[in-house]
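For the sequence shown, the working numbering begins at 9 and goes up steadily by one.
Remarks on the structure that follows.
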Amino acid sequence: MTDLVPALLGAPRFLIEPARSLTDYHRLRRKVFVDEQGLFAGSDLDDRDGDARTIVLEARSSDGALLGGVRLGPVSDGPDIGWWQGGRLVVDPAVRGAQRIGPALVQAACAAAEQAGALRFDATVQSRFRRMFERLGWQPVRAVTVAGRPHHLMRWPVGRIAGLAAATKNPLGGLLDGLNPGGAGFVGDDGAPVPGSDLIAACDAILPSMVERDPDWAGWCAVLVNLNDLAAMGAEPVGLLNAVGARDATAAAKVLGGLRRAAEAYGIPILGGHTQLGVPAALSATALGRAAAPVPGGGGRVGHRVRLTVDLGGGWRPGYQGRQWDSTSWREPGELRQMQGFVAAARPAAAKDVSMAGIAGTLGMLAEASGCGAVLDVDAVPRPAAATMGDWLTCFPGFAMLTTGPQRPAPTGPAVTAECGELIAGTGVSLRWPDGETTTAVPGGVTGMGAAA
Numbered sequence: 009m010t011d012l013v014p015a016l017l018g019a020p021r022f023l024i025e026p027a028r029s030l031t032d033y034h035r036l037r038r039k040v041f042v043d044e045q046g047l048f049a050g051s052d053l054d055d056r057d058g059d060a061r062t063i064v065l066e067a068r069s070s071d072g073a074l075l076g077g078v079r080l081g082p083v084s085d086g087p088d089i090g091w092w093q094g095g096r097l098v099v100d101p102a103v104r105g106a107q108r109i110g111p112a113l114v115q116a117a118c119a120a121a122e123q124a125g126a127l128r129f130d131a132t133v134q135s136r137f138r139r140m141f142e143r144l145g146w147q148p149v150r151a152v153t154v155a156g157r158p159h160h161l162m163r164w165p166v167g168r169i170a171g172l173a174a175a176t177k178n179p180l181g182g183l184l185d186g187l188n189p190g191g192a193g194f195v196g197d198d199g200a201p202v203p204g205s206d207l208i209a210a211c212d213a214i215l216p217s218m219v220e221r222d223p224d225w226a227g228w229c230a231v232l233v234n235l236n237d238l239a240a241m242g243a244e245p246v247g248l249l250n251a252v253g254a255r256d257a258t259a260a261a262k263v264l265g266g267l268r269r270a271a272e273a274y275g276i277p278i279l280g281g282h283t284q285l286g287v288p289a290a291l292s293a294t295a296l297g298r299a300a301a302p303v304p305g306g307g308g309r310v311g312h313r314v315r316l317t318v319d320l321g322g323g324w325r326p327g328y329q330g331r332q333w334d335s336t337s338w339r340e341p342g343e344l345r346q347m348q349g350f351v352a353a354a355r356p357a358a359a360k361d362v363s364m365a366g367i368a369g370t371l372g373m374l375a376e377a378s379g380c381g382a383v384l385d386v387d388a389v390p391r392p393a394a395a396t397m398g399d400w401l402t403c404f405p406g407f408a409m410l411t412t413g414p415q416r417p418a419p420t421g422p423a424v425t426a427e428c429g430e431l432i433a434g435t436g437v438s439l440r441w442p443d444g445e446t447t448t449a450v451p452g453g454v455t456g457m458g459a460a461a
């Protein structure tokens, strides 16, 4: 955590950083909460202080004197599901007010919680400090009583999921207006039915920066993402076309090497394409498949349960920590193909491949195309131990399918399936927590393309 905040703030200057020793912080807490305010008798220490996951941030003067501190960490003793709480915010009485140490500590705690993967961050504050928290952007939830004194439960609005949707998907409605991609009943789907046939076409481009710095992985992903798109519609792959741009033949060979490995692993022929040398790095691919009755992304209805089928194996791709989970490059071909055939065998009412918008954003796309909203039960989402909830709900997870409605029993290979939400009336996506509270993940439609006709 040492790269979190340290920032010099205020005048005179003070530094906020993770505590090196808790002795001074605990002493200051006793001075304020026990001796001065009488909130606790004898000691204010509790089980959160004994949790190894608890983070303490301290504000110290240029000469090292402790000016204030705050703690934060997961709410429960069980697995960290991204629900964090701040507390024990304290400032030395001798320096209160003038240097705005308290607000600076609150802002530092918000940054620390989000970096740790929190998607819900609460704090119970004395009622007289409610206005300060509101000025800092916190939202009041309800009045509560702590230690016999009036307090207020406050919540920091974590905008990570909505921000990802805004950056990747929100402009699509305006950009694609009038094009009617996918045709009737398939607006916003992962692939597009070819009129007058049973063909399904899917096309994806890989980020040029990824092609440049990790060309073999880019080639693998060009196959992976297109076949995931076909799989989400229940299509059997037929073939792949690609377009490669590279500065020279050596760079192009690395990209094509990844394409070749993935095509062999998934059992799909590369039908042809185009290669251009002497240009900036670029890669796109188009996959063709067959499905007599493609599964739509907009086939969900209010009341349908949401299921996530996901491969939890593997780990973060080197260089893409928190953004790309590689569960596929080391799998056996039989495992990959069995996962790819899951939707075709299960025949759910609706299905979406989890891609750039992450699990929560992709659920929002499925719900939007279905004319619904959605709620995601955070503690029911299958997740690998190496990923924080914030990262997991916003990353590209390799292989993951969201499905809703009745479906047949079907093999998933090494992937696991869990019910983790439902479609509801309204729009957007909410996160539902173990205490029954909900927080907004995506406030409205993800793409602006509306419901499938």
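For each residue, glycine too, the CB sits at the ideal point set by N, CA and C.
All values derive from a computational prediction rather than experimental measurement.
Beta-bridge partners assigned by DSSP to residue 360: 410. Here residue 405 is buried, its C-beta having at least 16 other C-beta atoms within 10 Å. Contact between residue 316 and residue 428 holds, since their C-beta atoms are separated by about 5 Å, short of 8 Å. The segment 432-449 makes contact with the segment 119-139: 3 or more CB pairs, one atom from each, lie closer than 8 Å. The segment 194-205 and the segment 214-229 do not touch, with fewer than 3 CB-CB distances between them shorter than 8 Å.
Excluding sequence positions up to five before and after residue 284, its CB lies within less than 6 Å of the CB of 253, all in the same chain and listed in chain order.
Burial check for residue 443: the Cβ neighbour count within 10 Å stays below 16, so the residue is exposed. In this structure, the straight-line span from the alpha carbon of residue 311 to that of residue 378 is close to 12 Å. DSSP, read as helix, strand or coil, puts residue 237 in helix. Between the C-alpha atoms of residue 349 and residue 245 there is a straight-line separation of about 10 Å. For residue 176, the enclosing alpha helix (DSSP H) starts and ends at 168-176. Along the length of the segment 119-202, whole alpha helix (DSSP H) runs at least 4 residues long occupy 138-143, 168-176 and 180-183, reported in chain order. Around the C-beta of residue 183, fewer than 16 other C-beta atoms lie within 10 Å, and the residue is accordingly described as exposed.
Here residue 282 is exposed, its C-beta having fewer than 16 other C-beta atoms within 10 Å.
By the C-beta criterion, the segment 333-341 is judged not to be in contact with the segment 451-460, since fewer than 3 inter-stretch pairs fall below 8 Å. One thing to note: residue 112 has its Cβ within 8 Å of the Cβ of residue 24. In terms of Cα proximity to residue 309, the closest of 109, 414, 178 and 121 is 414.
When secondary structure is reduced to three states using DSSP, residue 285 falls in the strand class. Residue 386 has no beta-bridge partner at all, per DSSP. Rounded to whole angstroms, the gap between the alpha carbons of residue 133 and residue 77 is 14 Å. Inclusion of residue 430 and residue 313 in the CB contact set at 8 Å is warranted, their separation being smaller than that value.
Just so you know, the alpha carbons of residue 186 and residue 375 end up roughly 21 Å apart. Per DSSP, the beta bridge partners of residue 291 are 214 and 252. In the structure shown, the three-state DSSP call for residue 276 is coil. Between the C-alpha atoms of residue 455 and residue 265 there is a straight-line separation of about 34 Å. Where residue 313 is concerned, there is no enclosing alpha helix (DSSP H), although the beta strand (DSSP E) around it starts and stops at 313-318.
A direct Cα-to-Cα measurement between residue 417 and residue 37 gives close to 56 Å.
Taking a cut-off of 8 Å for Cβ pairs, the segment 225-245 and the segment 271-282 touch, as three or more such pairs fall below it. Counting every other CB atom within 10 Å of its CB across the protein chains shown gives residue 411 a total of 16 or more, marking it as buried. Ranked by Cα distance from residue 193, the first of 223, 224, 304 and 122 is 304. Counting C-beta pairs closer than 8 Å gives three or more between the segment 230-244 and the segment 205-213, which meets the contact rule. In this structure the segment 172-183 does not touch the segment 134-154; the number of beta carbon pairs closer than 8 Å is below three. Setting aside the 5 residues that flank it on each side, residue 114 is surrounded in the same chain by 144, each with a C-beta closer than 6 Å to its C-beta; the list follows chain order. For residue 115, the three-state secondary structure derived from DSSP is helix. Assignment of residue 332 by DSSP, reduced to helix, strand and coil, places it in the strand class. The C-alpha of residue 333 lies about 9 Å from the C-alpha of residue 395.
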